[in-house]
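Working notes, beginning with the structure itself.
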Amino acid sequence: MSSGDNLTAAAENGTASPAPSLRIYAGADSFGCALKDALVAHLRSLPGIDLIDLGTDKYYSIAERIGRQVSSAAAAGGDQPETRGLLACGTGVGVSIFANKFPRVYASTCSSVGDAVNTRSINACNVLSVSGMFTAPTDAVKILDAWLRTPFKSPCPASGDAPWPEDIQSFFDQSVTEMAAIPAPDEGCPICVLRKGMEFEPVGIMPGGEMRIVRESPTSAYVRFKAGSVEPAHHHTFGHDLVVIKGKKKVWNLTKKESYGLEDGDFLFTPAGDVHRVKYLEDTEFFIRWDGKWDIFLDEDLAAAADAINKDMGRGN
1 MSSGDNLTAA AENGTASPAP SLRIYAGADS FGCALKDALV AHLRSLPGID LIDLGTDKYY
61 SIAERIGRQV SSAAAAGGDQ PETRGLLACG TGVGVSIFAN KFPRVYASTC SSVGDAVNTR
121 SINACNVLSV SGMFTAPTDA VKILDAWLRT PFKSPCPASG DAPWPEDIQS FFDQSVTEMA
181 AIPAPDEGCP ICVLRKGMEF EPVGIMPGGE MRIVRESPTS AYVRFKAGSV EPAHHHTFGH
241 DLVVIKGKKK VWNLTKKESY GLEDGDFLFT PAGDVHRVKY LEDTEFFIRW DGKWDIFLDE
301 DLAAAADAIN KDMGRGN
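In UniProt numbering, the protein residues as written are 1 to 317.
If you want it as structure tokens, here you go:
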């Protein structure tokens with residue numbers, strides 16, 4: 001018997017469960033708030049439900065919060081109550097889209113009892129989304145009750161209200177595990193994957209720096225510097241785009257009299273000819289692409305660069 005069956009039986013018998021068998025997180029945007037409140041009131045009249053009302057927010061924000069809660073509970077498993085979500089927005093579609101961004105969340109927008117029974121039976125739906133603009137509270141309560149009491153793999157309108165054939169039951173048994181594996185484990189961004197197994201060559205005129213050129217012209221390269229390394233003031237014939245993969249660095253554009261603190265994910269474009277120096281505050285890796293074939297022209301020596309950087313950073317700039 002599903003947790004929904006337990007709840008329905010308890011309500012019909014007028015008995016309360018000794019402990020909650022189902023935890024439901026509820027929320028809505030401003031278009032679905034009134035309907036959500038009506039459904040929350042109905043849920044609070046049922047025994048065996050631990051209801052957490054997260055209130056009203058932007059449709060994507062409230063869906064993110066509830067999707068995250070349901071996803072975390074599904075991943076944790078254990079002896080905790082089964083966790084589901086209830087969402088409402090204008091159409092019921094927007095909140096469903098954003099809740100479904102989380103693994104092990106199967107959110108469905110239901111506009112009829114048949115929808116609710118089908119999606120519970122076929123999809124193991126654990127987040128119910130309803131329309132605050134097009135679904136009346138009385139209809140929504142019927143949809144909610146059907147969603148609560150329908151077990152996964154049960155007969156439903158899609159099966160002609162008859163038990164599913166054995167081959168479909170077998171498919172359902174496998175589908176839960178397969179659905180939980182989507183999306184596949186994150187293997188990193190394409191640049192990070194590119195870096196795996198990469199052999200670097202020292203940058204002779206920049207102590208502490210190593211580079212791997214991945215394209216000659218226009219030149220693209222993966223570069224890394226050790227914490228504390230300094231690039232003396234220099235310029236290039238071509239402008240370049242830079243994306244920090246990890247680490248922390250500070251760049252002084254002496255031509256523009258500007259400085260930039262760069263960390264993970266930050267981007268910087270330096271125009272052709274602009275003189276700039278760099279200090280690496282942590283071990284740092286970045287991807288860089290010049291507009292032409294890589295070259296470099298030093299405008300000061302390492303000692304002068306270190307002295308200028310120490311003076312600047314000593315002033316707290």
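C-beta atoms are modelled at their ideal positions from N, C-alpha and C, and glycine is treated no differently. All values derive from a computational prediction rather than experimental measurement.
Secondary structure of residue i, DSSP reduced to three states
i, result
"Y260", "strand"
"R149", "helix"
"S159", "helix"
"R44", "helix"
"residue 336", "Lying before the first or after the last residue shown, residue 336 is absent from the chain, which here runs from 1 to 317."
"K231", "Rather than Lys, the amino acid found at residue 231 in this sequence is Glu. It is a strand residue."
"L254", "coil"
"G85", "strand"
"A36", "According to the sequence provided, residue 36 is Lys. The question's Ala does not apply to it. Of the three classes helix, strand and coil, the one that applies to K36 here is helix, per DSSP."
"E285", "strand"
"G94", "helix"
"S2", "Reliability of the predicted coordinates at S2 is poor, the pLDDT of 49 falling under 50, and no value is obtained from them."
"M206", "coil"
"Y59", "helix"
"I134", "At residue 134 the sequence reads Phe, which differs from the Ile that was named. F134 falls in the coil class under three-state DSSP."
"A308", "helix"
"K226", "coil"
"G292", "coil"
"I49", "strand"
"F31", "coil"
"T237", "coil"
"F171", "helix"
"R277", "strand"
"I245", "strand"
"V127", "strand"
"R68", "helix"
"T177", "helix"
"V105", "coil"
"I24", "strand"
"A303", "helix"
From the options, residue whose alpha carbon lies closest to that of residue i
i, options, result
"D79", "S21, R65, A116, C33", "S21"
"S220", "S154, A28, D241", "D241"
"K256", "G208, F267, G273", "G273"
"W290", "K249, K250, V243, E282", "V243"
"P151", "S131, G132, F172, A136", "F172"
"S154", "K142, G114, P137", "G114"
"K248", "K279, S129, Y222", "K279"
"E210", "I288, R149, L86, E258", "I288"
"L148", "V70, N126, S72, E201", "N126"
"A73", "T91, R104, T56, L43", "R104"
"A124", "V203, C156, A76", "C156"
"I66", "A76, P81, A88", "A88"
"I205", "L144, A303, A116", "A303"
"L43", "L144, S71, N100, T237", "L144"
"M179", "A75, G314, E300, A306", "A75"
"D161", "N118, I182, E258", "N118"
"I97", "A181, P202, S61", "S61"
"D57", "C33, G77, D37", "C33"
"V203", "K226, D312, M313", "K226"
Beta-carbon separation (whole angstroms), residue i vs residue j, contact threshold 8 angstroms
i, j, result
"I309", "V230", "6 angstroms"
"V130", "C110", "6 angstroms"
"W252", "H276", "6 angstroms"
"V70", "T83", "5 angstroms"
"A63", "A99", "4 angstroms"
"T135", "L35", "7 angstroms"
Cβ pair residue i, residue j closer than 9 angstroms
i, j, result
"L46", "A140", "no"
"Y59", "F31", "yes"
"A107", "G132", "no"
"K293", "P232", "no"
"E285", "R224", "yes"
"Y222", "F200", "yes"
"N121", "S159", "For the sequence presented, residue 121 should be read as Ser rather than Asn. A contact, by the Cβ cut-off of 9 angstroms."
"K250", "Y260", "yes"
"G228", "G197", "no"
"L254", "D307", "no"
Evaluate contact between the region 257-272 and the region 211-219, counting only Cβ atoms and requiring at least three cross-stretch pairs below 8 angstroms. no
Is the region 43-61 close to the region 21-30, with three or more CB pairs under 8 angstroms? yes
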